[in-house]
Amino acid sequence: MLDLATVSGRLTLAAVVLLAATLGWLLLQRGRGRATPVREARPDDRLAGLLAATGVPAGRRATVVQVSAAACAPCRQAARVWASLAREDASVTHVELDVEDHAELVGRLHVLRTPTSFVFDGDGRLVSRVAGAPSPGQARDAVRPLREAAAA
1 MLDLATVSGR LTLAAVVLLA ATLGWLLLQR GRGRATPVRE ARPDDRLAGL LAATGVPAGR
61 RATVVQVSAA ACAPCRQAAR VWASLAREDA SVTHVELDVE DHAELVGRLH VLRTPTSFVF
121 DGDGRLVSRV AGAPSPGQAR DAVRPLREAA AA
């Protein structure tokens, strides 16, 4: 038979393990979907070269190039968010590229996971990179500086 001290100790240990696992998960989720500004784009990061194979015209203010995989559930979520943003703002274009069809491009852009999205300004310069599926608010935040620059 278990005494009260043993039961109490096991419950405390279980609570500590659960807390640690929850904190670890939250830390992993923290950066997903957040845009990371690009300090200096390399010449091969220009939008014209990336879109040449797709035939899709660039957006007037912003173009979002999303790298996805067929078996990626977060990719479908990201595509819905970016497509919705493009429908809200006609000056934003969303292009989705399959990782298998564009392996060379994926290597050049150092895509390590899908979805990864790249936000280009109206001049075709890479301005930010978004790892993971953004929320609608995170997607708007990623293009907001381009909207504000156009309004100024």
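Just so we're aligned: 55 in the UniProt record's numbering is position 55 of the sequence shown, and the numbers increase by one with no gaps anywhere.
Glycine included, each C-beta is placed from N, C-alpha and C at the ideal position.
task = Could you check the C-alpha separation between residue 80 and residue 58 for me, to the nearest Å?
result = Counting from 1 along the sequence shown, the entry for residue 80 is found at position 80. Counting from 1 along the sequence shown, the entry for residue 58 is found at position 58. Approximately 19 Å between the Cα atoms of the pair.
task = Assign residue 43 to one of two classes, buried (16 or more other C-beta atoms within 10 Å of its C-beta) or exposed (fewer than that).
result = Here residue 43 is taken as the residue at index 43 of the sequence shown, counted from 1. Reliability fails at residue 43, whose pLDDT of 47 lies under 50, so the model's placement of it is uncertain and no value is given.
inquiry  = Please report the distance separating the alpha-carbon of residue 101 from that of residue 92.
reply    = Translated into positions along the sequence shown, residue 101 becomes position 101. Translated into positions along the sequence shown, residue 92 becomes position 92. The alpha-carbon atoms of residue 101 and residue 92 are separated by roughly 24 Å.
ask   = So the alpha helix (DSSP H) residue 79 belongs to, where does it begin and stop?
value = Stepping through the sequence shown from its first residue, residue 79 is reached at position 79. Element bounds for residue 79: 73-88.
query = Are the Cβ atoms of residue 78 and residue 94 separated by less than 7 Å?
reply = Taking the first residue of the sequence shown as position 1, residue 78 is located at position 78. Taking the first residue of the sequence shown as position 1, residue 94 is located at position 94. No, the pair does not count as a contact, with Cβ atoms beyond the cut-off.
ask   = Which word fits residue 121, buried or exposed, when buried means at least 16 other C-beta atoms lie within 10 angstroms of its C-beta?
value = The residue labelled residue 121 in the question sits at position 121 within the sequence shown. Result: buried.
query = From residue 111 to residue 119, what distance separates their C-alpha atoms?
reply = Here residue 111 corresponds to residue number 111 of the sequence shown, with the count starting at 1. Here residue 119 corresponds to residue number 119 of the sequence shown, with the count starting at 1. Roughly 14 Å between the two C-alpha positions.
key: Within 7 Å, strictly: CB atoms of residue 56 and residue 97   = Taking the first residue of the sequence shown as position 1, residue 56 is located at position 56. Taking the first residue of the sequence shown as position 1, residue 97 is located at position 97. Cβ atoms of residue 56 and residue 97: not closer than 7 Å.
ask   = DSSP on residue 117, reduced to helix/strand/coil?
value = Within the sequence shown, residue 117 is the residue found at index 117, counting from 1. In this structure, residue 117 counts as strand in the three-state DSSP scheme.
message = In whole angstroms, give me the CA-to-CA distance for residue 104 and residue 138.
response = Taking the first residue of the sequence shown as 1, we reach residue 104 at position 104. Taking the first residue of the sequence shown as 1, we reach residue 138 at position 138. In a straight line, the C-alpha of residue 104 is about 28 Å away from that of residue 138.
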